[in-house]
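Reading the sequence shown from the start, the letters are residues -13 to 320 in my numbering. From the three backbone atoms N, C-alpha and C, an ideal C-beta is built for every residue, glycine too.
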Amino acid sequence: MQAQKSAPSQVDASIVVVSFNTRDVLRECLLSVYREVGSLHVQIIVVDNASTDGSPAMIEREFPEVELIRSEINLGFGSANNLGIQSARGRYVVLLNSDAFLTEGSLHRSVAHMNDNPRAGLGGGRLIGRDGSWQPSARMFPTVLSDLIVHSGLAARFPRSRFFGRADRTWANEMEAAEVDWVPGAYSIIRSDVLAATGPFDPRFFLYYEEVDLCIRIKQKGYSIWYWPDIAVVHIGGESSRQIRSLEMSRTGGQLLLWRMRSMLLYYRKHHGPVARIAMLVEIVWYWMRSLRRRLSKDPDRRTSAQTYASMISIMSQAWRDTKGGRFSPVQPW
């Protein structure tokens, strides 16, 4: 099955996929798109973020109908998607991670939901693993309190609590549609005219928080953000980079943590002003308390792990300096 190329007025959806050295899963992603096109008229755009694994050659060889945009540097998530959005001709723009795969009917249902809900500016679906396990798919805007609850482990301990489970709405029925604050960028469908009104992703966010910022701006224009569980999308990545599950501070883990902290400070400064300093201090104090507790432990392994939390304090301090307290985005690529 091939995507149907059409005149601009006939394109239902422009599907934008950003790839960085993901050749094999990118192939699987595009095959899932082709399976789901059906009667829709779509435009498929792949933005390659300076991959070195042969991804562009694979696209040209196996998917000649795809519009390939090559970047000479890694632009990150938001800016790379912006390149694709600039070339989009559809009534809707669908953002799909290269490690995410459409399931049966998901694309058609996405378009139908947007057609039926004219005030929906952006919508997302139910993200699942290959084994069908649920991933956080509908979230509330970050606050210092929510961040503290997540860091403390209370969110994971009491997921069914409306108070402790607020950040990822873990208390809610995952099979019920709901108006939410934001949805992850692994899959979303956005009105093109809304993007024209709000502007695309803020390029200051290299990675993390760019979807949050966009959803805030869409809601400020009077549109709503929706979670639709009948749109199932298999997502095999994201969770490992969204949060550090292991206390082993590898070079890659430290880099991702630095990027997350930089973007957090940019987000809080942009939308909450001086709260950025409070967010920074809360995180540093939390890491200091965890480090102190482990240093005082009789368990040698726990004492050793205290250094990890000390490293996190150092990384946050660096993020604060790098962004000048959330006022400045360092030169990209980060």
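{"Query": "May I have the straight-line CA-CA distance separating Ile45 from Ala292, to the nearest angstrom?", "Result": "46 Å"}
{"Query": "Give the straight-line distance between the Cα atoms of Arg125 and Leu134, rounded to the nearest whole angstrom.", "Result": "16 Å"}
{"Query": "State buried or exposed for Val282, treating a residue as buried only when at least 16 other CB atoms are found within 10 Å of its CB.", "Result": "For the sequence presented, residue 282 should be read as Leu rather than Val. By the 10 Å Cβ count, Leu282 comes out exposed."}
{"Query": "Can you name the start and end residues of the alpha helix (DSSP H) that Ser303 belongs to?", "Result": "286 to 308"}
{"Query": "Residue ranges of each beta strand (DSSP E) run of no fewer than 3 residues wholly in the stretch 100 to 156, ordered along the chain?", "Result": "106 to 114"}
{"Query": "Whole angstroms are fine: how far does the CA of Ser297 sit from the CA of Tyr20?", "Result": "45 Å"}
{"Query": "Just tell me which of Glu22, Arg289, Trp214 has its CA closest to the CA of Gly91.", "Result": "Glu22"}
{"Query": "Leaving out the 5 sequence neighbours to the left and right, which residues in its chain are closer than 7 Å to Ile217 when beta-carbon positions are compared?", "Result": "Ser92, Arg95, Ser96, Gly111, Arg112"}
{"Query": "Specify the secondary structure class of Pro215 as computed by DSSP and reduced to three states.", "Result": "strand"}
{"Query": "Label Asp34 either buried or exposed according to how many other C-beta atoms from any shown protein chain fall within 10 Å of its C-beta, with 16 as the threshold for buried.", "Result": "buried"}
{"Query": "For His221, write down the residues that DSSP places opposite it in a beta bridge.", "Result": "Ala86"}
{"Query": "Could you please give me the residues that DSSP links to Trp168 through a beta bridge?", "Result": "Arg125"}
{"Query": "Would you check if the stretch 200 to 215 and the stretch 158 to 171 touch, i.e. whether three or more CB-CB distances between them fall below 8 Å?", "Result": "yes"}
{"Query": "Between Ala36, Trp306, Val271, Val28, which lies nearest to Val404 when the distance is taken from Cα to Cα?", "Result": "Outside the shown range of the chain (-13 to 320) lies residue 404, about which nothing can therefore be said."}
{"Query": "Tell me the start and end of each unbroken beta strand (DSSP E) in the stretch 5 to 70 that is at least 3 residues and wholly inside, in chain order.", "Result": "28 to 35, 53 to 57"}
{"Query": "If you drop the 5 nearest sequence neighbours on each side, which residues of the same chain put their C-beta closer than 7 Å to that of Val354?", "Result": "In the structure as shown, the chain starts at -13 and stops at 320, and residue 354 therefore has no counterpart that could be examined."}
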